[in-house]
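Undergrad:
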Amino acid sequence: MSTMNSAPRSGTDWIGYNLKITQHRLRQRLDAELARLGITAPQNAVLLAIAGNPRISNADLARSAFVTPQTMQGILVNLERGGLIVRSPHPEHGRVIMTELTKAGQKAVADGAKAADAVERQMLSRLSTDEARLLCDLLKRCAAALDD
Numbered sequence: 001m002s003t004m005n006s007a008p009r010s011g012t013d014w015i016g017y018n019l020k021i022t023q024h025r026l027r028q029r030l031d032a033e034l035a036r037l038g039i040t041a042p043q044n045a046v047l048l049a050i051a052g053n054p055r056i057s058n059a060d061l062a063r064s065a066f067v068t069p070q071t072m073q074g075i076l077v078n079l080e081r082g083g084l085i086v087r088s089p090h091p092e093h094g095r096v097i098m099t100e101l102t103k104a105g106q107k108a109v110a111d112g113a114k115a116a117d118a119v120e121r122q123m124l125s126r127l128s129t130d131e132a133r134l135l136c137d138l139l140k141r142c143a144a145a146l147d148d
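Residues in the sequence shown are numbered consecutively from 1, following the UniProt record's numbering.
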């Protein structure tokens with residue numbers, strides 16, 4: 001007969017729970033830093049995605065910000081109203097809308113990236129460089145295992 005304890009583990013023993021707590025605290029800290037810049041985390045993700053690929057589709061933007069296409073539309077409207085992006089019809093494909101960063105949008109990308117880097121440095125401050133690299137690799141492998 002097995003002597004294993006059948007009592008459920010506490011939340012603090014679950015890797016997924018600790019991952020969620022870390023993600024939540026990371027998002028809270030990032031939101032606070034980005035609020036000082038007048039943008040949200042999803043807006044920051046969208047601005048970074050546009051900076052990396054000015055011809056990115058709205059669907060791809062939504063995926064990059066972990067939001068629905070409907071939510072993305074609202075984000076784009078707010079970024080346009082805020083003067084961070086300009087949207088215009090593609091000259092050859094009338095249904096395609098091109099999105100470009102304005103000068104203010106380019107500054108927001110640079111400032112947002114600095115804020116995100118600072119928050120990540122704080123999160124990793126109790127890890128060595130090797131531990132941080134290992135953590136990154138392990139998280140990628142965990143995510144890949146869930147994609148299978």
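In this text, a Cβ means the ideal position worked out from N, Cα and C, and glycines have one as well.
For the candidate residues Ala49, Ser10 and Pro42, whose alpha-carbon lies nearest to that of Asn78?
TA: When each option's Cα is compared against that of Asn78, the closest is Pro42.
Undergrad: Any beta carbon of chain D sitting closer than 8 Å to that of Ala145?
TA: Absence of chain D from the displayed structure is noted, only one protein chain being present.
Undergrad: Following the continuous alpha helix (DSSP H) through Thr99, name the residue where it begins and the one where it ends.
TA: No alpha helix (DSSP H) contains Thr99, which is instead part of the beta strand (DSSP E) from Ile97 to Leu101.
Undergrad: Would you kindly check if the distance between the Cβ of Ile75 and the Cβ of Tyr46 is under 8 Å?
TA: The sequence shown places Val at residue 46, not Tyr. Against a cut-off of 8 Å, the Cβ pair of Ile75 and Val46 comes out as a contact.
Undergrad: By the DSSP assignment, the alpha helix (DSSP H) with Ser88 in it spans what residues?
TA: Note, Ser88: premise wrong, no alpha helix (DSSP H); beta strand (DSSP E) at Ile85 to Pro89.
Undergrad: Three or more C-beta pairs closer than 8 Å, one from the segment 78-92 and one from the segment 140-148: is that the case here?
TA: No contact exists between the segment 78-92 and the segment 140-148.
Undergrad: Assuming Gln122 and Arg29 are in contact, meaning their beta carbons sit under 8 Å apart, how far apart are those beta carbons, in whole angstroms?
TA: Gln122 to Arg29, Cβ: 7 Å. Contact.
Undergrad: Quick check on Ser128: does DSSP put it in helix, strand or coil?
TA: In this structure, Ser128 counts as coil in the three-state DSSP scheme.
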